[in-house]
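Counted from 1, the sequence shown has number 291 at position 145 by the working numbering; the numbering is strictly sequential. Every residue gets a Cβ at the ideal spot worked out from N, C-alpha and C, and that includes glycine. The block underneath contains the structure these notes are about, expressed in structure tokens.
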Amino acid sequence: MNASEIAILVLEAQHGDKASFEKLCNALYLPSYRFALKLTRCPSMADDVTQEAWACVAKDITKLKEPGAFKAWLYRLIYRRFIDLIRKNKHILLPIDEEGYAPTVEQHYDVLVLINKLPDIQRHIVYLFYFEQMTLADISAVLEMAVGTVKSTLHRARATLLELASE
């Protein structure tokens with residue numbers, strides 16, 4: 147589903163069209179869950195974060211002033227819920243490698259393994275940019291960072307990935 151189709155569904159949902167909200171949810175729930183899973187690296191925590199974010203969407207969709215920014219808004223909600231979860235549960239250690247990827251001497255490095263070695267903020271930006279195909283401006287909105295900071299962090303992440311791949 148492209149951005150203009152999402153914006154139309156958002157407008158319709160803002161005017162009370164439940165079918166449009168359901169279509170929106172059907173189209174974006176799984177990608178939003180995948181983002182939460184990348185952040186938390188734990189399926190049950192990702193479920194919680196995603197459900198809380200979508201509950202907020204259901205409650206506050208009428209407050210969204212720019213329907214074209216829905217996906218960035220949704221991802222920002224997920225990111226904030228993730229940060230809240232970490233703050234409330236400082237004793238919880240997130241799994242290092244939820245997906246079970248582990249490089250071996252016999253195998254080429256898997257790109258996902260290399261990405262998982264990045265610092266959190268670099269990993270989040272790489273994921274949003276390459277896997278969710280978000281613009282730098284949208285990533286900036288999601289992570290509440292300046293566009294220049296996102297751009298330089300992405301550049302550093304690429305350099306780190308090249309360095310890791312050459313090891």
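Helix or strand or just coil, what does DSSP make of residue i?
i: aspartate 230; result: helix
i: glutamate 309; result: helix
i: histidine 254; result: At histidine 254, the pLDDT of 35 sits below 50, so the modelled position is not reliable and the matter cannot be decided from this model.
i: lysine 297; result: helix
i: cysteine 188; result: coil
i: lysine 263; result: coil
i: alanine 215; result: helix
i: aspartate 163; result: coil
i: alanine 199; result: helix
i: glutamate 168; result: helix
i: leucine 289; result: helix
i: glutamate 158; result: helix
i: glutamate 278; result: coil
i: leucine 220; result: helix
i: leucine 210; result: coil
Of the choices the options, whose alpha-carbon is the least far from that of residue i?
i: leucine 282; options: Ile152, Val203, Ala215, Leu258; result: Ala215
i: lysine 209; options: Gly162, Thr295, Met291; result: Gly162
i: alanine 303; options: Met191, Phe275, Ala199, Glu313; result: Phe275
i: phenylalanine 181; options: Cys171, Phe167, Ser190, Thr196; result: Thr196
i: methionine 147; options: Val293, Ser312, Leu307, Glu278; result: Glu278
i: alanine 201; options: Cys171, Ile152, Thr306; result: Cys171
i: leucine 308; options: Ala199, Val257, Arg226; result: Val257
i: methionine 291; options: His270, Ser190, Thr306; result: His270
i: alanine 204; options: Arg226, Ser150, Ala305, Ser166; result: Ser166
Going by the CB atoms, is the gap between residue j and residue i shorter than 7 Å?
i: valine 288; j: alanine 173; result: no
i: serine 178; j: leucine 220; result: yes
i: leucine 314; j: phenylalanine 228; result: Nothing can be reported for residue 314, as the shown portion of the chain is limited to 147 through 313.
i: valine 272; j: isoleucine 285; result: no
i: isoleucine 224; j: glutamine 160; result: no
i: aspartate 155; j: lysine 169; result: Here residue 155 turns out to be leucine, not aspartate, going by the sequence shown. Yes, the Cβ-Cβ distance between leucine 155 and lysine 169 is below 7 Å.
i: leucine 310; j: lysine 234; result: no
i: glutamine 268; j: threonine 299; result: yes
i: proline 213; j: leucine 176; result: no
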